[in-house]
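Below is one structure, written out as structure tokens, with a few remarks after it.
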């Protein structure tokens with residue numbers, strides 16, 4: 004701009020009658036997301052008589068906060084001669100946007116007149132920064148202070164409950180929503196479906212969906228994802244068909260979830276890949292989300308071959324694993340997860356180190372992958388490197404660390420990480436962390452300590468926690484505590500065969516045959532049946548599936564001959580089979596397990612005589 008042009012602009016600014024033109028310039032600066040543009044507008048404002056107007060200053064604080072320029076926002080706030088509630092809310096949001104949650108809470112407590120917006124900002128801020136307990140506590144305080152809860156409050160609270168897997172509080176919030184004006188809001192129904200889904204309450208998710216007077220693509224996607232993640236997977240496909248019949252157009256989230264659901268059903272996993280090919284044929288450009296879910300499908304199938312093919316497509320489409328509008332880094336994280344779940348640890352490590360940028364999810368995928376593949380020490384070493392680089396741990400990180408301690412037998416380290424989670428890493432223990440800790444103590448034989456830990460849980464222990472303790476009791480032959488754990492497990496899930504079987508096996512190992520028969524009889528009277536074991540293996544693109552005592556395989560004669568030979572060789576090496584089950588027919592039946600058949604087929608394939 005020429006000097007004359009600049010002079011005319013400055014003169015024009017001096018004679019502005021209202022601040023509306025300046026407000027419009029600030030809105031343009033916000034939309035541009037440019038700090039330089041914002042500073043230019045700010046410089047023009049300083050030269051006008053509107054520079055002290057509260058409305059203009061509040062807008063500047065708000066924009067600087069959204070641009071993560073906390074220092075500039077704070078300086079403006081401090082220098083304001085007069086402040087109103089919007090001023091306080093603007094700097095509160097700026098602090099939360101920059102991750103200064105504690106400072107934001109301190110500011111909130113000093114606010115002269117916090118309003119509904121102030122409370123909602125704090126509730127949302129706690130939830131967004133994974134301080135879920137504090138988010139829920141804030142909702143309770145807000146309600147006690149007489150402020151009305153609205154859709155924004157409920158949305159953040161449901162998100163916190165979903166991440167904590169706290170269905171008790173979530174259902175209470177649901178009850179409040181039903182009494183509020185936002186009970187029939189479409190997005191509120193979707194949030195409820197998501198909360199119940201993440202807590203594992205599929206029936207509740209379906210009930211919310213069926214009760215919605217109006218639905219959009221997000222509502223349908225939430226229910227499809229619910230069945231995809233919790234099962235049964237075929238129901239996700241049924242919902243997808245219903246969605247299409249209702250004329251709702253699927254988006255990439257829909258198709259990605261359907262791909263994942265197809266992958267969970269091994270008999271139609273080809274359809275999962277065909278659906279991906281359909282996206283390409285119809286010129287639908289595969290985004291980071293599509294690739295991410297395709298890789299997740301491969302991970303769930305543990306299909307390394309198809310996973311490598313997907314990796315090839317990723318490279319062809321030029322994903323460089325950098326953060327940005329398309330979140331390419333998401334695809335890189337999915338690749339790490341896929342390789343780790345397929346057991347290809349080296350490939351997962353290579354993807355991690357080849358990524359130009361990494362986020363917390365990248366580190367989490369590697370730590371959990373190490374832990375799941377039995378590399379506990381390596382997982383903990385990666386966690387230490389992660390913290391040294393300033394990457395903040397979250398709930399998922401600590402689950403990976405505790406799992407690593409469990410698999411590596413690091414009991415003392417597990418205790419240290421668990422009890423210092425909140426103070427040292429800012430992560431409040433949730434149910435999954437307690438489950439991991441019970442597993443650590445149970446594997447080490449610290450059964451009393453594990454039981455005491457369950458008793459101290461701030462939430463109700465679920466069947467996974469009691470199942471972990473029961474399995475530990477069986478391993479260490481603690482029959483009394485085992486009975487207690489089994490009773491608790493049956494209270495939660497009376498039709499689950501696992502506690503009956505584990506308790507029966509515990510009695511059998513101790514030679515208490517009358518108790519074995521009593522448990523088995525009780526199991527039959529209650530109509531509880533044990534699901535037969537099933538194993539499968541893919542060799543040369545052919546899937547071999549086996550049930551316990553399976554005789555359906557076309558090469559069953561050769562398989563059982565080889566299995567008998569392997570059993571004899573094992574006995575010669577000192578292996579003693581467990582024949583303590585009084586219901587076993589004879590010794591020949593003992594080795595007829597699906598896992599044995601699973602391991603026999605590859606040996607047969609490599610034999611030239613078969």
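Residue numbers (this note's numbering): 4 to 613.
All residues carry an ideal CB built from backbone N, CA and C; glycine is no exception.
When the Cβ atoms of the stretch 405 to 419 are set against those of the stretch 440 to 451, are three or more pairs found closer than 8 Å?
yes
Residues of its chain near residue 211, where Cβ-Cβ distance is below 7 Å and the 5 sequence neighbours each way are ignored
192, 195, 196, 199
Once DSSP output is grouped into helix, strand and coil, what is the label at residue 191?
helix
Let me see if you follow: with CB-CB separation under 8 Å, is residue 67 close to chain C or not?
No chain C appears in this structure, which consists of one protein chain only.
I need the straight-line Cα distance from residue 88 to residue 33, nearest angstrom please.
21 Å
In this structure, how does DSSP classify residue 573 when only helix, strand and coil are distinguished?
helix
Distance check for residue 456 and residue 428, CA to CA, integer angstroms please.
When rounded, the distance between both Cα atoms is 21 Å.
At a cut of 8 Å, does the stretch 388 to 400 reach the stretch 348 to 368 through at least three beta carbon pairs?
They touch, by the three-pair rule.
Identified DSSP bridge partners for residue 389
BP columns for residue 389 are empty, so no partner.
Need the endpoints of the alpha helix (DSSP H) that residue 461 sits in, please.
Where residue 461 is concerned, there is no enclosing alpha helix (DSSP H), given that its DSSP letter is neither H nor E.
Is the CB-CB distance between residue 219 and residue 257 below 8 Å?
no
Who pairs with residue 145 in a beta bridge, going by DSSP?
Residue 145 pairs with nothing; no bridge assigned.
Buried or exposed for residue 425, going by 16 or more other Cβ atoms inside 10 Å?
It is exposed - the Cβ of residue 425 has fewer than 16 other Cβ atoms within 10 Å.
For residue 240 and residue 188, the rounded distance between their alpha carbons
26 Å
Are three or more beta carbon pairs between the stretch 126 to 138 and the stretch 74 to 94 nearer than 8 Å?
no
Tell me which residue opens and which closes the alpha helix (DSSP H) that residue 231 is part of.
220 to 233
Just to confirm my understanding: we take residue 167, look at its own chain, exclude 5 residues before and 5 after, and list those with CB closer than 6 Å. What are they?
By the criterion of a C-beta distance shorter than 6 Å, residue 167 is surrounded in its chain by 135, 433, once the five residues flanking it on both sides are discounted.
Exposure of residue 366, with buried meaning 16 or more beta-carbon neighbours within 10 Å
buried
Residue 558: first and last residue of the uninterrupted alpha helix (DSSP H) it sits in
Going by DSSP, residue 558 is part of no alpha helix (DSSP H) at all; its letter is neither H nor E.
Can the beta-carbon of residue 202 be found closer than 8 Å to that of residue 153?
no
Proximity to residue 121 [Cα-Cα], best of 140, 101, 145, 102
145
Which value, in whole angstroms, describes the spacing of the CA atoms of residue 420 and residue 404?
CA-CA distance, residue 420 to residue 404, rounds to 8 Å.
Run of the alpha helix (DSSP H) containing residue 83, from where it starts to where it stops:
From DSSP, residue 83 is part of no alpha helix (DSSP H); its letter is neither H nor E.
Between residue 593 and residue 570, what straight-line distance do the alpha-carbon atoms span, to the nearest angstrom?
Reliability fails at residue 593, whose pLDDT of 42 lies under 50, so the model's placement of it is uncertain and no value is given.
Contact check, residue 261 vs residue 237, beta carbons under 8 Å:
no
In angstroms, rounded to a whole number, what distance separates the CA positions of residue 65 and residue 43?
Going from the Cα of residue 65 to the Cα of residue 43 covers about 16 Å.
Just to check my reading of the structure: residue 502 and residue 492 have Cβ atoms closer than 8 Å, yes? What is that Cβ distance to the nearest angstrom?
4 Å
Rounding to the nearest angstrom, what Cα-Cα distance links residue 621 and residue 160 in this structure?
Residue numbering for the chain in the displayed model covers 4 to 613; residue 621 lies beyond these limits and cannot be assessed.
Ordered along the chain, which non-local residues of its own chain (more than five positions away) have a Cβ less than 6 Å from that of residue 368?
336, 339, 340
Please work out which residues of its chain come closer than 7 Å, Cβ to Cβ, to residue 439, disregarding the five sequence neighbours upstream and downstream, and give them in chain order.
402, 405, 406, 409
Is residue 60 helix, strand or coil when you go by DSSP?
helix
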